[in-house]
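Novice:
There are 2 protein chains.
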Amino acid sequence: MKENLIAFLTTSSLVTPEKAAEIAGHFTFQEIPKNAFFLEEGKIANNYLFLEKGFMRVFAYDMDGNDVTTGFAAPQQVVLEVSSFFNRTRSQENIQALTDCEGWGLTYDELNQLFHARPEFREFGRHVLVKAFTTLKTRMLSMITETAEQRYAGLLNTNPAIFQHAPLKNIASYLGITDTSLSRIRKEFSKK
Amino acid sequence: MKENLIAFLTTSSLVTPEKAAEIAGHFTFQEIPKNAFFLEEGKIANNYLFLEKGFMRVFAYDMDGNDVTTGFAAPQQVVLEVSSFFNRTRSQENIQALTDCEGWGLTYDELNQLFHARPEFREFGRHVLVKAFTTLKTRMLSMITETAEQRYAGLLNTNPAIFQHAPLKNIASYLGITDTSLSRIRKEFSKK
DNA sequence: TTCCAGGCTTGCCAAATGGCAAGAATTCAT
DNA sequence: ATGAATTCTTGCCATTTGGCAAGCCTGGAA
Numbered sequence: 001m002k003e004n005l006i007a008f009l010t011t012s013s014l015v016t017p018e019k020a021a022e023i024a025g026h027f028t029f030q031e032i033p034k035n036a037f038f039l040e041e042g043k044i045a046n047n048y049l050f051l052e053k054g055f056m057r058v059f060a061y062d063m064d065g066n067d068v069t070t071g072f073a074a075p076q077q078v079v080l081e082v083s084s085f086f087n088r089t090r091s092q093e094n095i096q097a098l099t100d101c102e103g104w105g106l107t108y109d110e111l112n113q114l115f116h117a118r119p120e121f122r123e124f125g126r127h128v129l130v131k132a133f134t135t136l137k138t139r140m141l142s143m144i145t146e147t148a149e150q151r152y153a154g155l156l157n158t159n160p161a162i163f164q165h166a167p168l169k170n171i172a173s174y175l176g177i178t179d180t181s182l183s184r185i186r187k188e189f190s191k192k
Numbered sequence: 001m002k003e004n005l006i007a008f009l010t011t012s013s014l015v016t017p018e019k020a021a022e023i024a025g026h027f028t029f030q031e032i033p034k035n036a037f038f039l040e041e042g043k044i045a046n047n048y049l050f051l052e053k054g055f056m057r058v059f060a061y062d063m064d065g066n067d068v069t070t071g072f073a074a075p076q077q078v079v080l081e082v083s084s085f086f087n088r089t090r091s092q093e094n095i096q097a098l099t100d101c102e103g104w105g106l107t108y109d110e111l112n113q114l115f116h117a118r119p120e121f122r123e124f125g126r127h128v129l130v131k132a133f134t135t136l137k138t139r140m141l142s143m144i145t146e147t148a149e150q151r152y153a154g155l156l157n158t159n160p161a162i163f164q165h166a167p168l169k170n171i172a173s174y175l176g177i178t179d180t181s182l183s184r185i186r187k188e189f190s191k192k
C-alpha cells in the first residue's frame, strides 16, 4: 500500500526500512482531483505531501496580476509551500492539481512530532529541504547563465512529462519567458 | 563577547536566551582576512558560519569559464554552502571575503550533535534553512517578473552596503546581466 | 453536431540586453 | 611616485525577447 512512500523515505539511506515503515504509518492517504487546489493563496499550508500519482502546478500572481508558474510537481516528489508551512504564515502561492493526484500527507503538527521524536526523520526532513534548496539554486544559476532555449532544452530533459500535462503558457512563465517566445523557441528547436 | 551570536539565535523566538548562551558556547571564533577563501571549489564545506563583521561573495564558474556571483553575505547572516555542507559533497562554489571578516563557526559534526541533542537548535536550524530557501525563491520570482532595472533598485534597497564592497561586475552577474548593461542601468537610474 | 473558449502560432515592430573595443578612471604593487 | 592591472563607462551594432493582434486549431459543452 505505502510501498512508494517507504521507498522514498529509504532512498536517502538516512532511514532504515523498519523505521521507514513506522514513519510511513503516520502519513494519511490524500486524493486531489484534477483542477482542485492543494493550497490556495492566503491560507496557511498545513499539508506536507508525498505525491505518488499525478502532476501539480505551483503559481503566484505578479504585481500586474499575471499568473506566474513558480514550480511543477511530479510523482515521487514532496509537494510543499515551504515558507507558509514552516512559518505558519499565509501562502502567497497556489498549488493546483494538473491531473487527478494521489499521495500521502502529514499535517504540520504530525510532522513536527516526528521531527522531534525521531532522529532519522529529522535527518530525512533536512535532506528534503536541502535538496529543494539545491534544485532551486541550480535553476537560479541557469536563469543567469543560460539562454531561454537552453533552459527549455533542460526542462525537456529533466521533466519531459510536464509537457503532456501543463499548457505551454505555464511552462513559459516557469522558464521566465512569454508564451510567444516559447512558441518561437520550440519552432527553432524542432528544426535541429 | 558572543552577544551578537546569542542575539541572532534568539531573534527567531525559537531559542530562549539561556539556551542560546549554551548553544553559543559551542561556536568558535573565526577570522577570514580580505580576499581569503572561506570555501574553495572542490572542497567539502565544513564550516557553518555566523558572520559578525565584513562581507563575502559566493561565486561559481559557468560552462564558458565566466565568474558568476551567486550570492553575497552581509553581517548578521549565516554563511554556508548548503549542498556541500549537508551532503558532504565537493563544493561547486567558492566563498571569498570581500573585506576582513569575523564570525563564529561550527563544524558539521558539531552542528549535527547540537541538532540531535537540542530541540531548540533543531527548530532554529530549520528556520535558517527555510529562510534561505524563501529568500532564494523571492529572488527567482524577481528574475522572472522584474526588469533588470527593478532588480537593481531592489538590491540597492535591501543591501546597499554591498555596493561599497563588491565591484560592479560581480553585482551585475548576481543580477543576471552584464557589467555593460548594469553601467547603463545605473546611468538611467541616476537621472531619476 | 455546432459553437465557443482556450491554447498555440505567426507577423510586425519595439524594447531590453549583449558583445566588442576603446578609453578614462581608479586601484594596487613595487 | 610610477607603471601595470583592473574597473567602469561609452559608442556602435547585433541578438534576444516582448507586445499586440490576427488567425488557426482543438477539445469540451450544450
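Read top to bottom, the protein sequences are chains A and B. Quick note on numbering: UniProt numbering labels position 52 of the first sequence as 52, and the sequence is numbered without any gaps. Quick note on numbering: UniProt numbering labels position 96 of the second sequence as 96, and the sequence is numbered without any gaps. We put the CB at the ideal spot given by N, CA and C, even for glycine.
Mind pulling the chain B residues with CB within less than 7 angstroms of A:I144?
Specialist: Translated into the one-based positions of the first sequence, residue 144 of chain A becomes position 144. Ordered by position in chain B, the residues that pass the 7 angstroms Cβ test against A:I144 are V68, S173 and G176.
Novice: Tell me the DSSP secondary structure of A:F50 in three-state form.
Specialist: On the first sequence, position 50 is the one that residue 50 of chain A refers to. Of the three classes helix, strand and coil, the one that applies to A:F50 here is strand, per DSSP.
Novice: What does B:P119 reach in chain A if we use C-beta pairs closer than 7 angstroms?
Specialist: By 1-based counting over the second sequence, the position of residue 119 of chain B is 119. Within chain A, the residues near B:P119 are H116.
Novice: Name the chain A residues whose beta carbon is nearer than 9 angstroms to that of B:N87?
Specialist: In the second sequence, the residue the question calls residue 87 of chain B occupies position 87. In chain order: H127, V130, K131 and T134.
Novice: What's the C-alpha gap between B:L175 and B:E40?
Specialist: Residue mapping note: residue 175 of chain B aligns to position 175 of the second sequence, counting from 1. Residue mapping note: residue 40 of chain B aligns to position 40 of the second sequence, counting from 1. Looking at the two C-alpha atoms, the distance is approximately 23 angstroms.
Novice: Taking only the alpha-carbon atoms, compute the straight-line gap between A:F38 and B:E81 and give it to the nearest angstrom.
Specialist: Residue numbering aside, residue 38 of chain A sits at position 38 when the first sequence is read from its first letter. Residue numbering aside, residue 81 of chain B sits at position 81 when the second sequence is read from its first letter. Going by the C-alpha atoms only, they are around 32 angstroms apart.
Novice: Have a look at B:M56, B:L14, B:T89 and B:S84 and flag the residue whose alpha-carbon is nearest the alpha-carbon of B:P167.
Specialist: Taking the second sequence and counting its residues from 1, one reaches residue 167 of chain B at position 167. Nearest C-alpha to B:P167: B:M56.
Novice: Kindly list the residues whose CB is nearer than 8 angstroms to the CB of B:W104, restricted to its own chain and excluding five residues on each side of it in sequence; keep chain order.
Specialist: Within the second sequence, residue 104 of chain B is the residue found at index 104, counting from 1. Cβ neighbours of B:W104 beyond the five flanking positions: K2, L5, A24, F27, T28, F29, Q30, L49, F50 and E52.
Novice: Go ahead and pull the three-state DSSP assignment for B:G71.
Specialist: For the purposes of this step, residue 71 of chain B is taken as residue 71 along the second sequence, with counting starting at 1. Of the three classes helix, strand and coil, the one that applies to B:G71 here is strand, per DSSP.
Novice: Does any residue of chain A bring its CB to less than 8 angstroms from the CB of B:V82?
Specialist: Numbered from 1 along the second sequence, position 82 holds the residue referred to as residue 82 of chain B. By this cut-off, B:V82 is an interface position.
Novice: With three or more beta-carbon pairs closer than 8 angstroms as the criterion, would you say the segment 72-79 of chain A touches the segment 16-23 of chain A?
Specialist: Because the criterion of three Cβ pairs below 8 angstroms is not met, the segment 72-79 of chain A and the segment 16-23 of chain A do not touch.
Novice: Taking only the alpha-carbon atoms, compute the straight-line gap between B:Q96 and B:V79 and give it to the nearest angstrom.
Specialist: As a first step, residue 96 of chain B must be located in the second sequence, where it is residue number 96. As a first step, residue 79 of chain B must be located in the second sequence, where it is residue number 79. Approximately 11 angstroms, taken between the alpha carbons.
Novice: Throw me the rounded Cβ distance for the residue 227 of chain B and A:S173 pair, which I believe falls under 8 angstroms.
Specialist: Nothing about residue 227 of chain B can be reported from this structure: the residues present for chain B run from 1 to 192 only.
Novice: Could you tell me the alpha carbon to alpha carbon distance between A:D179 and A:H116, rounded to whole angstroms?
Specialist: If you number the first sequence from 1, residue 179 of chain A lands on position 179. If you number the first sequence from 1, residue 116 of chain A lands on position 116. Using only the alpha carbons, I get a separation of about 45 angstroms.
Novice: Give every residue of the same chain whose Cβ lies closer than 7 angstroms to the Cβ of B:S12, excluding the five residues on either side of it in the sequence, and list them in chain order.
Specialist: Position 12 of the second sequence, counting from 1, holds the residue named residue 12 of chain B. For B:S12, where only same-chain residues beyond five positions count, the Cβ hits under 7 angstroms are F124 and H127.
Novice: Report yes if the C-beta distance between A:K34 and A:T99 is below 8 angstroms; otherwise report no.
Specialist: One-based indexing of the first sequence puts residue 34 of chain A at position 34. One-based indexing of the first sequence puts residue 99 of chain A at position 99. Contact flag set, yes.
Novice: Beta carbon of B:L129, beta carbon of A:L129: below 8 angstroms?
Specialist: Position 129 of the second sequence, counted from the first residue, corresponds to residue 129 of chain B. Position 129 of the first sequence, counted from the first residue, corresponds to residue 129 of chain A. Cβ atoms of B:L129 and A:L129: closer than 8 angstroms.
Novice: So, helix, strand or coil for B:M63, using DSSP?
Specialist: Indexing the second sequence from 1 puts residue 63 of chain B at position 63. Three-state result, B:M63: coil.
Novice: Which full runs of the alpha helix (DSSP H) of 4+ residues lie inside the segment 6-30 of chain B, going along the chain?
Specialist: The segment 6-30 of chain B contains these whole alpha helix (DSSP H) runs: 17-24.
Novice: Name the residue from A:A7, A:E146 and A:K43 whose alpha carbon lies nearest to the alpha carbon of B:M63.
Specialist: Locating residue 63 of chain B in the second sequence gives position 63, counting from the first residue. It is A:E146.
Novice: Could you check what DSSP says for A:L111 in three-state terms: helix, strand or coil?
Specialist: Position 111 of the first sequence, counted from the start, is the residue given in the question as residue 111 of chain A. Here A:L111 sits in helix by DSSP.
Novice: Which same chain residues end up closer than 6 angstroms to B:G71 when comparing Cβ atoms and leaving out the 5 residues on each side of it in sequence?
Specialist: For the purposes of this step, residue 71 of chain B is identified with residue 71 of the second sequence, where counting begins at 1. Only V58 meet the Cβ criterion.
Novice: Could you confirm whether any beta carbon from chain B is found closer than 8 angstroms to the beta carbon of A:A45?
Specialist: Here residue 45 of chain A corresponds to residue number 45 of the first sequence, with the count starting at 1. With 8 angstroms as the cut-off, A:A45 does not count as an interface residue toward chain B.
Novice: Taking the alpha-carbon of B:N87 as reference, which of B:H165, B:G54, B:A45 and B:L111 has the nearest alpha-carbon?
Specialist: As a position in the second sequence, residue 87 of chain B is number 87, starting the count at 1. The candidate whose alpha carbon is nearest that of B:N87 is B:A45.
Novice: Taking all protein chains shown into account, do 16 or more other C-beta atoms lie within 10 angstroms of the C-beta of A:A132, making it buried, or fewer, making it exposed?
Specialist: Numbered from its first residue, the first sequence carries residue 132 of chain A at position 132. A:A132 is buried by the Cβ-count criterion.
Novice: Flag this pair as touching only if the segment 149-166 of chain A and the segment 150-157 of chain B have three or more C-beta atom pairs under 8 angstroms; answer yes or no.
Specialist: The segment 149-166 of chain A is not in contact with the segment 150-157 of chain B.
Novice: Assuming A:E120 and A:V15 make a contact with CB atoms under 8 angstroms, what is their CB distance in whole Å?
Specialist: The residue labelled residue 120 of chain A in the question sits at position 120 within the first sequence. The residue labelled residue 15 of chain A in the question sits at position 15 within the first sequence. Right, the Cβ-Cβ distance comes to about 4 angstroms (below 8 angstroms), so this counts as a contact.
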